[in-house]
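Take the position in the sequence shown, starting the count at 1, then add 212; the result is the number in the numbering used here. Cβ atoms here follow ideal geometry from the backbone N, Cα and C, with glycine treated the same way. For reference, the structure is listed below as structure tokens.
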Amino acid sequence: MTPEITAALESDRTIDITTTGRKSGEPRRLEIWFHNVDGRIFITGMPGRRSWYANLLATPEFTFHLKESVQADLSAIGTAITEPAEKRAVFELLLDRLGYADRIETWVADSPLIEVTFA
């Protein structure tokens, strides 16, 4: 990984991801925020069902498209974090930054959480 990509993973927020549609098998690209929490990269969303999450559960391989300070397409694997204690630990750090700390119970119960590793 280049120094520019490493820096982007530390400071950027908005990316695109391309997943494989769980029903269609077609590529699905969308804009989303990612979060660097103590050097670990996560994708999450507001509480509720998300197609991108269902797609990653079906096919964990996806493309992580950096597009702010640097442009790069990174092969990635998404791992769902489903254990409530682990979700809580991540969300406690993340939600405090985002101003949603008072909603942690809802986020732990109802928000998707994916940890990203780069292939």
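DSSP places residue 275 inside the beta strand (DSSP E), whose first and last residues are 273-278. Scanning 331, 325, 309 and 232 for the CA closest to the CA of residue 256 turns up 325. Between residue 224 and residue 281 the beta-carbon gap is near 6 Å, inside 8 Å, which marks them as a contact. Closest in C-alpha terms to residue 300, from the list 289, 288, 314 and 216, comes 314.
DSSP places residue 302 inside the alpha helix (DSSP H), whose first and last residues are 296-310. Per DSSP, the continuous beta strand (DSSP E) segment holding residue 329 begins and ends at 325-330. Collapsing the DSSP output to three states places residue 243 in a strand. The C-alpha of residue 320 is placed about 11 Å away from the C-alpha of residue 260.
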